[in-house]
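Chains as they are written, first to last, in our numbering: chain C, 43 to 276; chain A, 43 to 276.
Take a look at the structure set out below.
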DNA sequence: GCTTAAAACTGTCTTTTAGCAGTTTTGAAA
DNA sequence: TTTCAAAACTGCTAAAAGACAGTTTTAAGC
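Set out below in structure tokens:
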């Protein structure tokens, strides 16, 4: 079993609370899971069997929407929590989750998790703040979806991907996503994404080569949406 | 000062935790506030000075959006929390809040609130679950905004208002909102809301008289959006 | 019961976006 | 290197939604 003490994900809430000796008897209950590329490890609607932490990898969180359309709720990578909403309210996961590339996960069952939270209030407090931040992000996203044009939403998605995963030296994102995924994340169609990519290329704000996409001029791209959107930060 | 022990809001998280004697020294620090109709008690962007609970009344939570458009984030009434996002992440309120009619509020400063949470882990746990549910609702709303038509979003808003505030004997909602507010909540324009109201009246799904709106046929109205939206519940 | 400003409503026009039907390109596997 | 299915792309059309300019109705105060 992987050792939390040796783990490098300092943003992980478990890692942050390791100094508390009470936590030790719970982390030995942790399960390690390895997912291949494209493998789904949370099924939407299935009974919740606990919380996942991404030890290393890339994950997308999806939700089946209206007319069977897929909505990508968020992306996650090292140290982040997945499946935190199968917790509390319902007994079933409201979302699905799948690995974008080979991913290593840590899993705690709901029982272990609840016991741990009851026993380590600092962890509960951190979890509460985590939810609070997620809520912030989500409500900002509601506003974006309610008010941005498709072009703005797509640009915003690129900026999000860039903030989250960054670009490598060749100037392309450190994550490979098909156009359809950008559409499902931005809340539009594949065709619109394609059209917007090509017009952004013409304006030298974006670069792309095959599947790969990268930002060519970040400040100008930000300006495209910041003109009228002063404080959108999620 | 109003007495939490005499309060009837059983859904209030403070009320739920009154059995814990540790909480008593914090609830004496509570402030009572009375708001007139249309009075704003949280300013968007202002430094957060604590958490509010609605003791009695009706509140709308708003956020200034793109091009100065207003987005109504949610409505709240007796027992509900307001301003919980000035907590944790930022020091400023990301939202504004104002009374729809005369409203009585309970207010705890951030310092008192944090001390209370540190001292009463059960309250922190409840707060965590509260945030989790809010997150659920918010993410469902993202999906709605991404995928529903304007007509569906407006109908969905009426159903939400009905679930939350109900109708009185005369068959109209127990809350009076101008068309503009429905538009700001549903993420569309006033004109669209008006058009949709009038077509829903023709179809005998809705009734309205002046400002007042009510649902005439709830099951048929639900059917209008449930056809393709199996599990939208927020 | 008048008066009047605000809110509700209506018709028309324009823009935006989605959907469809195809063609071209890409990149992985034989 | 060739093959071929999937992904990316393009042009066209229809539908949805927003914006504008006005008219009508409402309800609150005199």
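We put the CB at the ideal spot given by N, CA and C, even for glycine.
Just so you know, these numbers come straight off a predicted model, no measurement behind them.
C-beta neighbour in chain A for residue i, strict 8 angstroms
{"i": "residue 276(C)", "result": "Because the pLDDT of residue 276(C) is 47, which lies under 50, any placement of that residue in the model is unreliable, and the question is left without a value."}
{"i": "residue 129(C)", "result": "yes"}
{"i": "residue 181(C)", "result": "yes"}
{"i": "residue 163(C)", "result": "yes"}
{"i": "residue 49(C)", "result": "no"}
Interface flag, residue i vs chain C, CB-CB below 8 angstroms
{"i": "residue 178(A)", "result": "yes"}
{"i": "residue 229(A)", "result": "yes"}
{"i": "residue 95(A)", "result": "no"}
{"i": "residue 89(A)", "result": "no"}
{"i": "residue 125(A)", "result": "no"}
Of the residues the options, the one placed nearest residue i, counting alpha carbons only
{"i": "residue 190(A)", "options": "228(A), 167(A) and 160(A)", "result": "228(A)"}
{"i": "residue 251(C)", "options": "65(C), 111(C), 213(C) and 95(C)", "result": "213(C)"}
{"i": "residue 43(C)", "options": "249(C), 97(C) and 152(C)", "result": "97(C)"}
{"i": "residue 155(A)", "options": "166(A), 196(A), 184(A) and 146(A)", "result": "166(A)"}
{"i": "residue 218(A)", "options": "232(A), 226(A), 230(A) and 203(A)", "result": "203(A)"}
{"i": "residue 100(A)", "options": "83(A), 106(A) and 111(A)", "result": "83(A)"}
{"i": "residue 158(A)", "options": "67(A), 197(A), 109(A) and 263(A)", "result": "67(A)"}
{"i": "residue 139(A)", "options": "160(A), 161(A), 133(A) and 112(A)", "result": "112(A)"}
{"i": "residue 254(A)", "options": "86(A), 232(A), 221(A) and 241(A)", "result": "221(A)"}
{"i": "residue 64(A)", "options": "174(A), 186(A) and 161(A)", "result": "161(A)"}
{"i": "residue 88(A)", "options": "95(A), 77(A), 105(A) and 72(A)", "result": "105(A)"}
{"i": "residue 225(A)", "options": "241(A), 196(A), 210(A) and 211(A)", "result": "196(A)"}
{"i": "residue 262(C)", "options": "47(C), 194(C) and 55(C)", "result": "194(C)"}
{"i": "residue 363(A)", "options": "72(A), 77(A) and 58(A)", "result": "Lying before the first or after the last residue shown, residue 363(A) is absent from chain A, which here runs from 43 to 276."}
{"i": "residue 148(C)", "options": "91(C), 267(C) and 238(C)", "result": "91(C)"}
{"i": "residue 223(A)", "options": "80(A), 268(A) and 45(A)", "result": "80(A)"}
{"i": "residue 266(A)", "options": "49(A), 198(A) and 77(A)", "result": "198(A)"}
{"i": "residue 169(C)", "options": "258(C), 59(C) and 232(C)", "result": "59(C)"}
{"i": "residue 77(C)", "options": "144(C), 69(C), 133(C) and 49(C)", "result": "144(C)"}
{"i": "residue 230(A)", "options": "216(A), 124(A), 192(A) and 46(A)", "result": "192(A)"}
{"i": "residue 123(C)", "options": "175(C), 110(C) and 45(C)", "result": "175(C)"}
{"i": "residue 259(C)", "options": "232(C), 234(C), 95(C) and 209(C)", "result": "209(C)"}
{"i": "residue 69(A)", "options": "95(A), 53(A), 85(A) and 86(A)", "result": "95(A)"}
Neighbouring residues, chain A, relative to residue i (Cβ below 8 angstroms)
{"i": "residue 190(C)", "result": "108"}
Anticipated Cβ contact below 8 angstroms, residue i with residue j, distance rounded
{"i": "residue 51(A)", "j": "residue 121(A)", "result": "3 angstroms"}
{"i": "residue 127(A)", "j": "residue 177(C)", "result": "7 angstroms"}
{"i": "residue 93(C)", "j": "residue 146(C)", "result": "Not really, about 15 angstroms apart at Cβ, beyond 8 angstroms."}
{"i": "residue 164(C)", "j": "residue 62(C)", "result": "6 angstroms"}
{"i": "residue 180(A)", "j": "residue 246(C)", "result": "About 36 angstroms; that fails the 8 angstroms criterion."}
{"i": "residue 119(A)", "j": "residue 207(A)", "result": "7 angstroms"}
{"i": "residue 172(C)", "j": "residue 55(C)", "result": "6 angstroms"}
{"i": "residue 185(A)", "j": "residue 107(C)", "result": "5 angstroms"}
{"i": "residue 102(A)", "j": "residue 137(A)", "result": "Contact doesn't hold; Cβ gap of about 10 angstroms is too wide."}
{"i": "residue 135(C)", "j": "residue 125(C)", "result": "6 angstroms"}
Residue i: contacting residues in chain C (beta-carbon distance under 8 angstroms)
{"i": "residue 41(A)", "result": "No answer is possible for residue 41(A): the residues shown for chain A start at 43 and end at 276."}
Within chain A, partners of residue i - CB distance below 7 angstroms
{"i": "residue 173(C)", "result": "170, 173, 174 and 177"}
{"i": "residue 185(C)", "result": "105, 107 and 113"}
Chain-ordered neighbours of residue i on chain C, where CB pairs are closer than 9 angstroms
{"i": "residue 136(A)", "result": "178, 181, 182 and 273"}
Taking a Cβ distance cut-off of 7 angstroms, strictly less, list which residues of the segment 100-114 of chain C are near chain A, in chain order.
-> 105, 107, 108, 109, 111 and 113
Which residues, in order along the segment 201-225 of chain C, keep a beta-carbon less than 8 angstroms from a beta-carbon of chain A?
-> none
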